[in-house]
Every structure is written in structure tokens, then in C-alpha cells.
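Residue numbers (my numbering), protein chains in the order written: chain A, -2 to 265; chain B, 129 to 421.
The block underneath contains the structure these notes are about, expressed in C-alpha cells.
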């Protein structure tokens, strides 16, 4: 007898793990950049934090999360206006929690989305710093990394420090900025946070079937571990129902990971 | 009362080598692309661009017009990266003055208010200050004594914007859901050139209820250019959406041969009508659906 096939995918596991970022936030703007973070914000709002505010990813605030992909007859439930000017005002004011997807992350939680290599003549020119400097100085941020590996979690500092992190050498006056608050970091292998000594990255849980050694080997700096990390909780039936029927009816999440693997890794 | 209507060629004739140009819109929305194509056809060079960047940045870089870009991002949205801009960056061909999106706004606002700078915390603790030695710091004169970043005024020689409608005097509306920062680009610039979907009589432009759709007053406007679909291939809601296929073709043409071919097909044309025909005609463009993200 072999075990029954897992009834949820890795993408669904990550969506559920990312949603936890907003559990205790109350009435803030939840911004999920990219498919998994966006679905996670919607899941948080439809389950344990109905006070969250979110947008249609264009210019209006919506009373319920907008399903991703073609909308058919779905009518957006507008509850307000959120053009970029107001978004800037809001985020500098602090009542926002963004879940973002950097290209590189270092041990301080400093992130890079600007360029790989020398900034003046980069090996790879990426997006630009976008809102990362202001976001990280003003409101909580969490991370989603779909490709946990040493090229993402780099050994030294990231090539271009786009966001402020827990690196005292870079803090103005050597003092931690009051609103600097990095929360969760969900990857395809594990859930991490910055709860180790001096905000070191800490292993919160390992995804089903993933070994701690595997996570450490895929990370370019030492991770803090307390005892034996628990297994990342599986999605509940209610969460899967909401993801599959309300938030992502066209199953765009099946494209996040190559081959759309199940949520429980099989032993090699 | 002045009639400010102009042709694209008359707009570009007022620009000079080495100028700092602000380009309105945001990534793939309401970019003044028809005016940009006129720039591409001109001999202008050594430009500094200030933008929430979309395809205009990559095109102007590909054509060798750009010395420096002041930006928070350059993106084609549906495709995250503009390959033409990437090529220019990776060749070290353009100086990249890269700031937080909010700092770009702050620099434009400082210029708009005719201040030397505006203070912010944003940028502290990141590489933004190291990469932009032209930014300063300033200490709060109050009891907190906090050290802050001073974002210098981003003074523009000219701003190019694509709005919805305008009268011939430069009273205009932006009817799309987000006006972005076009008002600041306008106020930060010595001269402002707007392209619009259509020129309409003042009485048909707005009324007391819709007056808030006007982003800035006409005294800022130097020239008005009627260019229906003048933002194509970017969106100009509520008139038309993003031409995703066109942007994909443009992005795939990021080789010398590819760019030469793109230029021949879409840039080196006698007039705007020829461009619209090359893109499939007014009917096709009117049918481009509005973006859904």
C-alpha cells in the first residue's frame, strides 16, 4: 500500500502559509505582489481577517478580493479609491503590510529587485528599486520566495540593497528605524521569520517532507533553529475551497511551480 | 484666447539636445507614445528622462537618445522587464539614477513648489544614497534632530503627457481611473505638451460635477496635440486598453536587427495615421480591452 496522494499542491500550501502574514494585522492595506501573495491576501480577508483592505491591483479598493484571471460576469465590489498618489500617502503613513517577491535576500532581510552585479553595468538589469526603500521604512513586509536556493538567499549582502533590513551598520545613527518590521518569509521549502538572535532568520516550520538540512544547504547563511521545527500546517478543506472556487477559479496557481507538485514532498 | 494646438513635429522642434524631459503616465498606462515616436524620428540626443517608466524608456534608449534615466522602475507590466532598457543598462550605455517611486514623486513635488528639496526618511539604510550621490541629507532643526534624506527638485525642461480630452486652450481631463503624477510632472516643467484623444469645445469638456477630472490648470500648458490612440501601445482608459501583443513583439525585438525592423514598421512612418494603420487600424485599437490584473 502506498500513501494516498496529497490532496493539495505546493502552491496551495504556500498560499495558506503566506496568508498567515496578515492574521493579526487588523485594518491595514494588504498588498500581495505576484500571484501567490495576492491569493494569500484574499484568503486572509475571506477567513481570519475580514478587516483587511485590498485593491483590484489597479486603482480601487474592493470590499471582497477580486478573483484572478478572466472575470466573466464578476463585478468588482468597489468600496473606495486607491490611486498611486493615495497609495504613497498611505504607505508613508504606515497602515499597510506588503508581501513581496525579491530576487535576492541576505541574512539581514535586505532585498534586491534592482540589478544583479555592478549597478553601473549590471549582469542583469531588473525592475528598479520600486517602492522597496519606502515600504520597509514605513510598514511591515513579508516575503515569498518560490525558488529557495543560495542564489536567492545570498552569502554576503545582496548586490543592490533596495530595502532596509536588520543590518545595524546601515541604520541611520546606528538605531533601528521605528517602523522597520520584517515578518514572514515563505519559500517553497519552509516558513522562516526574523525571530533569531539579532533578528537572524529563523526556521518556523518545514514544508511536509522537507528536511532541515535541505533548507540550510539551500541558504547562503546560517539559519537559526530552535529544537525540531514543526511541519507547515496543511491547508484546511475550507481554505482549499475558497482558493479553488472563489479566488483562483481558473487555477492560475498551477503555473507557479514547474509540474505543479503536490504539497507533500516524497522522500527521495 | 490662445489656441495652443500643435503638431507632434512642432512639439519636438521646441526641444533641444541635453534637455531633461518628464514623461507622464505609469508603465503601460497613458504614455505619450505618439510624441515619443516623434522624438525617435528627430535628431535630439543626450536626453535625461524622468519617468515611472514604460516602453518609452526602452525605445528612447534603443534609439540612442538617452544619457540618463531618473526612475523608480521601468516595466512593461505584463512582461516585467523592458529588454531594450535592459540592453542599454547592461551595456552601461545610460546612467541609472534609481530611486524609490515615492522619492521620484517628492523630487517632482519639490520642483512643482519651487523648493530646492523635500525631506523624507525614504532611502535611508539602502543603496539608494550610495548610487545617487546627488541626493543629500539634512538634519531636522527641531528637537528630534533627525537626519533625513533631501530629495532635490527634479526640474524638467519639458513634460510630455497623454491626457483624455482637452480644449484648444489646454483645459484638459484625465478620465482614466488613476491620474498618476501627471499634475506634478506638469508643474515641475518649464513647458508642458499634452497629447489627447480628442480636442473638444470647453463646454463639452467638463461641468461642475466632472471638473475634478482636470489634473491641472491651462496656464501650465504650452501645446495641445490631438492624437487619438496617441498612447498606443499603452492604455488610455476609458478609450482603449493595453496592446499586449504589440508590447510582446516590441520586447522580443531587442536586438539591433529587431529594433531596426520595429523602427521601419512602426516609427519611421510619415504620420500618425500611418502608424494606426500599421497597428491594425482604428477599429482594432478601439477594441483593445482594458487591463485586468
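Every residue gets a Cβ at the ideal spot worked out from N, C-alpha and C, and that includes glycine.
Cutoff 7 Å: residue i Cβ touching any chain B Cβ
| i | result |
| --- | --- |
| residue 163 of chain A | no |
| residue 54 of chain A | yes |
| residue 81 of chain A | yes |
| residue 85 of chain A | yes |
| residue 10 of chain A | no |
| residue 134 of chain A | yes |
| residue 117 of chain A | yes |
| residue 201 of chain A | no |
| residue 25 of chain A | no |
| residue 127 of chain A | yes |
| residue 130 of chain A | yes |
| residue 19 of chain A | no |
| residue 167 of chain A | yes |
| residue 151 of chain A | no |
| residue 188 of chain A | no |
Minimum Cβ-Cβ distance from residue i to chain A less than 7 Å
| i | result |
| --- | --- |
| residue 416 of chain B | no |
| residue 308 of chain B | yes |
| residue 218 of chain B | yes |
| residue 292 of chain B | no |
| residue 152 of chain B | no |
| residue 385 of chain B | no |
| residue 251 of chain B | yes |
| residue 305 of chain B | yes |
| residue 273 of chain B | no |
Proximal residues of chain B, C-beta to C-beta of residue i below 8 Å
| i | result |
| --- | --- |
| residue 255 of chain A | Per Cβ cutoff of 8 Å: no residues; residue 255 of chain A is ~18 Å from chain B at best. |
Exposed unless 16 or more other CB atoms sit within 10 angstroms - verdict on residue i
| i | result |
| --- | --- |
| residue 216 of chain A | buried |
| residue 158 of chain B | buried |
| residue 401 of chain B | exposed |
| residue 148 of chain A | exposed |
| residue 75 of chain A | exposed |
| residue 199 of chain B | buried |
| residue 183 of chain B | buried |
| residue 247 of chain A | exposed |
| residue 423 of chain B | Beyond the ends of chain B as shown, which are 129 and 421, falls residue 423 of chain B; an answer cannot be given. |
| residue 129 of chain B | exposed |
Beta-carbon neighbours of residue i, restricted to chain A and to distances below 7 Å
| i | result |
| --- | --- |
| residue 208 of chain B | 124 |
Beta-carbon separation (whole angstroms), residue i vs residue j, contact threshold 8 Å
| i | j | result |
| --- | --- | --- |
| residue 16 of chain A | residue 54 of chain A | With 8 Å as the limit, residue 16 of chain A and residue 54 of chain A do not qualify as a contact, their Cβ atoms being about 17 Å apart. |
| residue 157 of chain A | residue 103 of chain A | About 11 Å separates the two Cβ atoms, so there is no contact after all. |
| residue 251 of chain B | residue 257 of chain B | 6 Å |
| residue 282 of chain B | residue 236 of chain B | 5 Å |
| residue 395 of chain B | residue 165 of chain B | 5 Å |
| residue 324 of chain B | residue 292 of chain B | 6 Å |
| residue 139 of chain A | residue 18 of chain A | 4 Å |
| residue 374 of chain B | residue 161 of chain B | Actually they do not touch by this definition, with Cβ atoms about 10 Å apart. |
| residue 220 of chain B | residue 121 of chain A | With a Cβ gap of about 13 Å, residue 220 of chain B and residue 121 of chain A do not count as contacting. |
| residue 139 of chain B | residue 353 of chain B | 6 Å |
| residue 322 of chain B | residue 289 of chain B | 5 Å |
| residue 220 of chain A | residue 200 of chain A | 5 Å |
Residue i CB to nearest heavy atom of the ligand ATP below 6 Å
| i | result |
| --- | --- |
| residue 261 of chain A | This structure simply doesn't include the ligand ATP, nor any ligand for that matter. |
Proximal chain B residues relative to residue i, where beta-carbon distance stays under 7 Å
| i | result |
| --- | --- |
| residue 111 of chain A | 226 |
| residue 160 of chain A | 254 |
| residue 205 of chain A | Per Cβ cutoff of 7 Å: no residues; residue 205 of chain A is ~31 Å from chain B at best. |
Contact set between residue i and chain A, taken where Cβ atoms lie within less than 9 Å
| i | result |
| --- | --- |
| residue 422 of chain B | Residue 422 of chain B falls outside the range modelled here, since chain B spans only 129 to 421, and no answer is possible. |
| residue 323 of chain B | The premise fails here: residue 323 of chain B is roughly 21 Å from chain A at the closest Cβ pair, so nothing lies under 9 Å. |
Amino acids of chain C, ordered along the chain, whose beta-carbon sits closer than 7 Å to that of residue i
| i | result |
| --- | --- |
| residue 246 of chain A | In the displayed structure, chain C is absent; the protein chains listed are A and B. |
Residues that residue i contacts on chain B, provided the C-beta gap is smaller than 9 Å
| i | result |
| --- | --- |
| residue 98 of chain A | Residues of chain B passing the Cβ test: none, with the nearest at roughly 11 Å. |
| residue 170 of chain A | 274 and 275 |
In chain order, which continuous runs of the beta strand (DSSP E) of length 3 or greater are located wholly inside the stretch 203 to 236 of chain A? none
Let me know the alpha helix (DSSP H) ranges lying completely inside the stretch -1 to 25 of chain A, each 4 residues or longer, listed in chain order. 7 to 16
Check your understanding: What alpha helix (DSSP H) runs, 4 residues minimum, are completely inside the stretch 177 to 265 of chain B?
Key -> Runs of the alpha helix (DSSP H) inside the stretch 177 to 265 of chain B: 183 to 190, 211 to 218, 229 to 240 and 256 to 259.
Worksheet entry | Every unbroken beta strand (DSSP E) within the stretch 373 to 416 of chain B, with a cutoff of 3 residues, ordered by chain | none
Practice item. Can you check the stretch 22 to 54 of chain A for any beta strand (DSSP E) of at least 3 residues that lies completely inside it and give the ranges in chain order? Key: 26 to 29
Which runs of the alpha helix (DSSP H), 4 residues or longer, sit entirely within the stretch 317 to 378 of chain B? 330 to 333
_Quick check for students: name the residue ranges of the beta strand (DSSP E) that lie wholly in the stretch 260 to 304 of chain B, counting only runs of 3 or more._
Those beta strand (DSSP E) runs which fall completely within the stretch 260 to 304 of chain B and span 3+ residues are 264 to 267, 275 to 280 and 284 to 294.
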